[in-house]
Every structure is written in structure tokens, then in C-alpha cells.
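Residue numbers (full-length UniProt numbering): 1 to 304.
Working notes, structure below.
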């Protein structure tokens, strides 16, 4: 985007307002005094002079007061002289500027809003629900007021577009099998820091035209859409069961190995390969079963 005709914020020529309050009071008081003196039988400076002083000083005092305005902390005033931007005043308190300039006040405080829950498709095309909280503030008052029609509405619209675009760039979750050599995939659910950084960058790129800076942005809601939520829940449950079984089998194999080594080292019983295989099979069944095993007592010989 070309910035040739872009208006940027610059300091305005303004002053402390209290001296001009006193100046206005003096001018109004002097005009009243001139009017009272003019009504006397013989004015000291002549009737025309007192009339001229009254006509000039009273409107002049009111005009001086017309340049006064008040700014609260974290509030700015843009000064416009017949449509021409003259600068921005950010100094809090009673201020004074050219009475012929109009003052348009704008808040530079931090603003916060939660976006609506949006239904979008992630990188793999799965419908998901997503929402974000955005903390922003106006940094360049001139661009916020003159580069866009309504900067608050602009923020809301661009934030929704940024959240939608972010959701399409990442998958909700990694569906690939674990243990692959590839680097872990950045997903909406597992990569919170990376996704938040991407959201902030996306928002800042869109808000830059309006002179708005993103203070913080984070996802506040993330879920599968209702039509596939049940299916995805069953998939997650299956993954949990598989992971638990894998851990159980790994532990059972270690226990069987220790049992065989203990029997061999102590010489309690001699087992050929066939009976070792049978023992391993029985131990694995006992250790990996999801319910208690029922023992079978053999009253015959070992090889009967």
C-alpha cells in the first residue's frame, strides 16, 4: 500500500489553558468597566472610545475562552483548521489552542473485546468453532481518524477476518501417528504460543493502516463443530486407550524379561524354548488383561 498521501500524527501547537482563562476574565472585566464608564455623564476617554473598547474586549474575551478545552489522561485532541489537520494534543488538563480550530477528541486507552464464536474450517477442512480476545489501542490518532471511516468498526471487522484466516492456516490437532521422524506440527490445540504469536502478527498487519497497535491477542474458545464433535471425541478416547495399552505392554515385557532372567540365574527350573514361549504368553495375558486373571491349578506333573 502506498503511503504517499497518508496522514501521520504530529504534535499540535497548544498551551496551558489557565493563563488564557485569566486573560479572558480580564478582557471581559475591562469591557464591562468600559461599558459602565460609558454610561456616566462625562466618560473619561470619550463615548466613542469606551464604546469601541466594549465592542472589542467583550467578544475578544469570549473568543479567548472559545479556545479552551479539557483533556483527560490517555485522551487526545486532534486540531482541525477549516478541515486541515494541524496536529494532536495529548497533554492532559485544561488546554488552549487557536479558537478557530475544531477539536476532535479520541481515546488512546487500551480497548478489549471478545470476538463472537466463528464457525470455520481448519487446514484439513474440519469444521471448528473459534473465538479470540484482542487487546488494542490507538497509536497514531491521525491515521485512526482520517485513514478509515470508523476505526472501531474497522477493528471488529478486521479482527474477525484475521481469526478466520488464522484458523485456515493451522489444523485443529495433529492426526498423524506419533513417533514419526518429522518435526511436530503446529496446531491450534497444542501450539498455544505459536498460534497466539501468529494471531498478533496477523492482526497487526491489518490494523497498521488505521494506526492501531495490538497489545495482546489470545484464543478464548476452540472446539470442533457440533456435527463432528462426537466423532472426534471417540478418536481422542481411542488414542488415549492405545497410548495406555502401549505403556502397559512395554511394562509387561520388562517384567517378563526380569522373571525369565531371575529363574535362569537362580536355577529354580529349566525351561526349553517351547515352555519359555508358553510362560511368556501366560505372563503377558495376566499383565496386559483389563480384568483380573483366573488361575488354573495343575495337579499333575510339570510335563503332563
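Virtual Cβ for every residue (Gly too), placed ideally from N, Cα, C.
Residue i and residue j closer than 8 Å at C-beta
i, j, result
"residue 309", "residue 94", "Here the chain covers residues 1 to 304 and nothing more, so residue 309 does not appear."
"residue 170", "residue 212", "no"
"residue 102", "residue 61", "no"
"residue 194", "residue 165", "no"
"residue 79", "residue 20", "no"
"residue 71", "residue 89", "yes"
"residue 108", "residue 75", "yes"
"residue 36", "residue 58", "no"
"residue 123", "residue 168", "yes"
"residue 127", "residue 248", "no"
"residue 200", "residue 186", "no"
"residue 277", "residue 129", "no"
"residue 288", "residue 252", "yes"
"residue 210", "residue 148", "yes"
"residue 321", "residue 14", "Nothing can be reported for residue 321, as the shown portion of the chain is limited to 1 through 304."
"residue 87", "residue 10", "yes"
Residue(s) in a DSSP beta bridge with residue i
i, result
"residue 171", "187"
"residue 8", "Answer is none; residue 8 lacks a bridge partner."
"residue 102", "80"
"residue 152", "According to DSSP, which records beta bridges pairwise, residue 152 is partnered with nothing at all."
"residue 74", "DSSP output for residue 74 lists no bridge partner at all."
"residue 216", "135"
"residue 87", "79"
"residue 128", "120 and 224"
Contact belief for residue i with residue j at Cβ below 8 Å, rounded distance in angstroms
i, j, result
"residue 105", "residue 77", "5 Å"
"residue 208", "residue 97", "The pair is not a contact, with the Cβ atoms about 29 Å apart (cut-off 8 Å)."
"residue 85", "residue 155", "About 22 Å; that fails the 8 Å criterion."
"residue 306", "residue 162", "The structure shown does not extend to residue 306, since the chain is modelled only from 1 to 304, so the question has no answer here."
"residue 22", "residue 53", "With a Cβ gap of about 19 Å, residue 22 and residue 53 do not count as contacting."
"residue 241", "residue 280", "Actually they are not in contact, since the Cβ atoms of residue 241 and residue 280 sit about 24 Å apart, beyond 8 Å."
"residue 100", "residue 81", "6 Å"
Q. Is the stretch 131-141 touching the stretch 215-225 in the sense that three or more CB pairs, one from each, lie closer than 8 Å?
A. Segments in contact, yes.
Q | Touch test, the stretch 114-122 against the stretch 136-148, Cβ-Cβ under 8 Å, three pairs minimum | A | Flag = no, the stretch 114-122 and the stretch 136-148 do not touch.
Q. Taking the runs of the beta strand (DSSP E) that are 3 residues or longer, which of them lie wholly in the stretch 262-286?
A. Every candidate beta strand (DSSP E) stretch fails here, since none sits fully inside the stretch 262-286 while reaching 3 residues.
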